[in-house]
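Asks:
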Amino acid sequence: MTELQDAWFEPDSEGCLVVVGSYSYRADLVRDVVDRVSRRILASPALSDFIAMKFVDLGAVPDPGVSPGDAVTRLAGELALQGGFAARNYFALVVADRSAMAARELLLACQDNDFISELPVSFLGIANVDDRGLAEKDADTRSSIEIASAPGSAWHVPELVTELHHYAERLMSEFAAPGQKGITVGQFDELRPQDVGEAVAALPAQPSSPDALGDSPGRCRESAEDGPADYRPDRRPGPPERDPGPAPGHGRWRSPGRGLTVLRSGNGRGWPDENPVSSKPEPLPVKAVYLVLCSSEVTGERADWRRGKSVLLALDEKLAAAPQVACQVKAAQVAADLTRDSLRPAGQMSRRSLKRHFERTDLSRVLTGIDQSVTRDLAGFQRAGFNVTRPAVVIFAADAPLADLATVEAYEKLTSQADITWVAPEAVLTLLSPRFSQLSGADPIVDHEAVADEVIAALLPCSPGRPIG
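The numbering of the sequence shown is numbering that gives the first Met the number 0, which starts it at 0 and goes up by one.
Given below as structure tokens:
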């Protein structure tokens, strides 16, 4: 085990990674629920030491009669990428869907996956409608699959949050019971599919999910705290437009011994028909980029905060177009944002990725959270076989943060493993402590119309980034 991997846990620690998945047409709603549950977990010392909850978009709904193989691959890929984070590790998969039968079908497919089936894992389906027959309910009672159906005709957002929070509490109680055996990081690494990154990257892109759900008939409606998280009960919405997949004659192949399905193509897209091993192109190096919106006042009320949000969204789009690296992005304004979901490929941020927080940015906690995320994320990429370049942190300061002792210490620690770039309006830069630029070795950038291009030039010079040794 490398020093990087060995740094994140105590020798007697236990932990459970909970991966929550939903199809793209309801991804925004479920991601928001996971965000709220993560905040509750973070507020509990016991739970926050044991539970890490992540969200994954499962892509388009499979056509009727088609196996949910792509969704299984995304769930397996998220488990493999995140890995273990304690001396003894447990896992849980949660699938949220309107239909209990659809959630059940996906969880059963997960149980058949070569990688997932070897893990100590709990399975939960959350559904509005329990459309299982008596035989399926009886089989599920005797199996490890649990289905939680709505107490009424539909789940409401607070009820979903409570259900997931209670499930996290049950997991801690059940996995801590005598006789439960977690697996070590070393054991997990032996089970991890070596081609998991390529398998997930080969899947069709997730359909974009609109910022406001509920305007279109059949889509789930996300309301305020008391609004229902439901679809129209008389029908299930059709899948969004989806990638048509490989051209006729290209098909799919299963990676040997691991059960992850990847696309095979002979049209120059990276999966040759004749020799998929020897002629496969080298994957691009991975660069993790953490985008921070720093504000000390109620967000959404000031032009500088709105400008910062626009700059970070523009930066995310430009990172997606970078030809020399594959950028993975995570956005944060408060520390709890870092537990909301995983790094995602650049270009997938929406305006919902930086939502309103009625609290100031505690920069010391955000920096500490990024430092922990960098350590964990890099270890996950390296164990999956990716070439990883030096991470980057971009901070847009809508307000100048205090350079107190805790913030400076967290900042200095983070500079040892990531490049930090500041962007701010000119009025804010005059108030920004010079200590930050002294520690990072880079001058802050004054906000202007094309500032995203200037930041890209600083983050991604023409030559490839420095690799992590």
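The beta-carbon is built from N, C-alpha and C at its ideal position, and this holds for glycine as well.
(1) Between A391 and D418, which are expected to be in contact by the criterion C-beta below 8 Å, what is the C-beta distance as a whole number of angstroms?
(2) Where are the alpha helix (DSSP H) runs, 4 residues long or more, that stay fully inside the segment 94-179, in chain order?
(3) Would you list the residues sitting across from K329 in a DSSP beta bridge?
(4) Starting from the N-terminal side, write out each stretch of the alpha helix (DSSP H) that is 4 residues or longer and does not extend beyond the segment 23-78.
(5) Please go through the same chain and pick out, in chain order, the residues whose beta-carbon is closer than 6 Å to the beta-carbon of L366, but skip the five residues on each side of it.
(6) Looking only at its own chain, which residues have a Cβ that is under 8 Å from the Cβ of E168, when we skip the five neighbours before and after it?
(7) Suppose only complete runs of 3+ residues qualify. What are the beta strand (DSSP E) ranges in the segment 397-468, listed by chain order?
(8) Counting C-beta neighbours from all protein chains within 10 Å, is the total for L377 16 or more, i.e. buried, or is it exposed?
(9) Mind the definition here: the segment 178-185 touches the segment 67-81 only if three or more C-beta pairs lie below 8 Å; say whether that holds.
(10) What do you reckon, are the CB atoms on F174 and C293 nearer than 8 Å?
(11) Keeping to the same chain, check which residues put their C-beta closer than 8 Å to that of T406; ignore five residues upstream and five downstream.
(12) Would you mind reading off the limits of the beta strand (DSSP E) that contains V387?
(13) Among R103, V36 and A319, which has the Cα closest to the Cα of D139?
(14) So what's V18 in DSSP terms, helix, strand or just coil?
(15) If L74 sits next to V18, beta carbons under 8 Å apart, how far is it from one beta carbon to the other, in whole angstroms?
(16) Which word fits K286, buried or exposed, when buried means at least 16 other C-beta atoms lie within 10 angstroms of its C-beta?
(17) With a CB to CB cut of under 6 Å and the five nearest residues on each side skipped, what residues in its chain are close to V93?
(18) Please go through the same chain and pick out, in chain order, the residues whose beta-carbon is closer than 8 Å to the beta-carbon of A91, but skip the five residues on each side of it.
(19) In the DSSP output, what is R364 paired with across the bridge?
(20) Check each candidate in A101, V36 and P10 and name the one with the smallest Cα separation from Y22.
(21) When you compare the CB positions of L163 and V36, do they come within less than 8 Å of one another, or not?
(22) According to DSSP, is L314 helix, strand or coil?
(23) Kindly indicate which three-state DSSP category F84 falls into: helix, strand or coil?
(24) Opposite L92 in the DSSP bridges: which residues?
(25) Would you kindly check if the distance between the Cβ of L314 and the Cβ of A451 is under 8 Å?
(26) Could you check if S142 is buried or exposed, using at least 16 other CB atoms within 10 Å of its CB as the buried criterion?
(27) Distance, Cα to Cα, D11 vs P150?
(28) Classify R191 as helix, strand or coil using the three-state DSSP reduction.
(29) Answer with buried or exposed for P192, where buried requires no fewer than 16 other C-beta atoms within 10 angstroms of its C-beta.
(30) Is the segment 103-116 in contact with the segment 75-85, if contact means three or more CB pairs nearer than 8 Å?
(31) Go ahead and label L404 buried or exposed: buried means 16 or more other beta carbons lie within 10 angstroms of its beta carbon, across all protein chains shown.
(32) DSSP three-state label for E240, please.
(33) Express the C-alpha separation of V393 and V288 in angstroms, rounding to a whole number.
(34) Measuring straight from C-alpha to C-alpha, what distance separates F385 and P63?
Replies: According to the data block:
(1) Within the sequence shown, numbered from 1, the residue matching residue 391 stands at position 392. Within the sequence shown, numbered from 1, the residue matching residue 418 stands at position 419. Yes, A391 and D418 are in contact; Cβ-Cβ is about 5 Å, under 8 Å.
(2) Qualifying alpha helix (DSSP H) stretches, in chain order: 99-111, 133-141 and 156-174.
(3) As a working mapping, residue 329 is identified with position 330 in the sequence shown. BP columns for K329 point to Y289.
(4) List check, alpha helix (DSSP H) in window: 26-41 and 44-49.
(5) As a working mapping, residue 366 is identified with position 367 in the sequence shown. Only A409, Y410 and L413 meet the Cβ criterion.
(6) Walking along the sequence shown from the start, residue 168 turns up at place 169. The beta carbon of E168 lies closer than 8 Å to those of L46 in the same chain, with the five residues before and after it left out.
(7) Listed in chain order, the complete beta strand (DSSP E) runs (minimum 3 residues) inside the segment 397-468 are 418-423.
(8) Taking the first residue of the sequence shown as position 1, residue 377 is located at position 378. When all chains shown are included, L377 counts as buried.
(9) As far as the Cβ criterion goes, the segment 178-185 does not touch the segment 67-81, which means the pair count is below three.
(10) Translated into positions along the sequence shown, residue 174 becomes position 175. Translated into positions along the sequence shown, residue 293 becomes position 294. Taking the C-beta atoms as reference points, C293 is found no nearer than 8 Å to F174.
(11) By 1-based counting over the sequence shown, the position of residue 406 is 407. Result list for T406: L362, S363, L366 and P400, in chain order.
(12) Here residue 387 is taken as the residue at index 388 of the sequence shown, counted from 1. For V387, no beta strand (DSSP E) segment is defined, and its DSSP state is neither H nor E.
(13) Locating residue 139 in the sequence shown gives position 140, counting from the first residue. Out of R103, V36 and A319, R103 has the C-alpha closest to the C-alpha of D139.
(14) Reading the sequence shown from its first residue, position 19 is the one you call residue 18. In the structure shown, the three-state DSSP call for V18 is strand.
(15) Here residue 74 refers to the residue found at position 75 of the sequence shown. Here residue 18 refers to the residue found at position 19 of the sequence shown. The pair is a contact, with the Cβ atoms about 6 Å apart (cut-off 8 Å).
(16) The residue labelled residue 286 in the question sits at position 287 within the sequence shown. K286 sits buried, since 16 or more C-beta atoms from the chains shown fall within 10 Å of its C-beta.
(17) Sequence index remark: in the sequence shown, residue 93 carries index 94 (1-based). Leaving aside the five residues that flank V93 on each side, the residues in its chain whose CB is nearer than 6 Å to its CB run, in chain order, V19 and L123.
(18) Position 92 of the sequence shown, counting from 1, holds the residue named residue 91. Excluding five sequence positions before and after A91, the CB atoms of its chain that fall closer than 8 Å to its own CB belong to C15, L16, V17, V18, V120, S121, F122, L123, Y166 and L170, given in chain order.
(19) Here residue 364 corresponds to residue number 365 of the sequence shown, with the count starting at 1. For R364, which the question treats as bridged, DSSP gives no partner whatsoever.
(20) Working through the sequence shown from its first residue, we reach residue 22 at position 23. Between Y22 and the set A101, V36 and P10, the nearest pair of CA atoms involves A101.
(21) Translated into the one-based positions of the sequence shown, residue 163 becomes position 164. Translated into the one-based positions of the sequence shown, residue 36 becomes position 37. Yes, these two residues count as a Cβ contact at 8 Å.
(22) The residue given as residue 314 occupies position 315 in the sequence shown. If DSSP states are grouped into helix, strand and coil, L314 belongs with the helices.
(23) Counted from its first residue, the sequence shown places residue 84 at position 85. DSSP places F84 in coil when its eight states are reduced to three.
(24) Locating residue 92 in the sequence shown gives position 93, where the first residue counts as 1. For L92, which the question treats as bridged, DSSP gives the partners V18 and F122.
(25) The residue given as residue 451 occupies position 452 in the sequence shown. The residue given as residue 314 occupies position 315 in the sequence shown. Yes. Within cutoff.
(26) If you number the sequence shown from 1, residue 142 lands on position 143. The residue is exposed, with fewer than 16 neighbouring Cβ atoms inside 10 Å.
(27) By one-based count along the sequence shown, residue 11 stands at place 12. By one-based count along the sequence shown, residue 150 stands at place 151. It is roughly 39 Å from the alpha-carbon of D11 to the alpha-carbon of P150.
(28) Looking up residue 191 in the sequence shown gives position 192. Correct three-state label for R191: coil.
(29) For this step, residue 192 is matched to residue 193 along the sequence shown. Of the other Cβ atoms in all chains shown, 16 or more fall within 10 Å of the Cβ of P192; this residue is therefore buried.
(30) The segment 103-116 vs the segment 75-85: in contact.
(31) Locating residue 404 in the sequence shown gives position 405, counting from the first residue. L404 is exposed by the Cβ-count criterion.
(32) Residue numbering aside, residue 240 sits at position 241 when the sequence shown is read from its first letter. Caution is warranted here: a pLDDT of 36 is assigned to E240, below 50, making its placement in the model unreliable, and the coordinate value is therefore given only provisionally. Of the three classes helix, strand and coil, the one that applies to E240 here is coil, per DSSP.
(33) Counting from 1 along the sequence shown, the entry for residue 288 is found at position 289. Counting from 1 along the sequence shown, the entry for residue 393 is found at position 394. Answer to the nearest angstrom: the Cα atoms are 7 Å apart.
(34) What you label residue 385 is simply residue 386 of the sequence shown in a count that begins at 1. What you label residue 63 is simply residue 64 of the sequence shown in a count that begins at 1. Looking at the two C-alpha atoms, the distance is approximately 35 Å.
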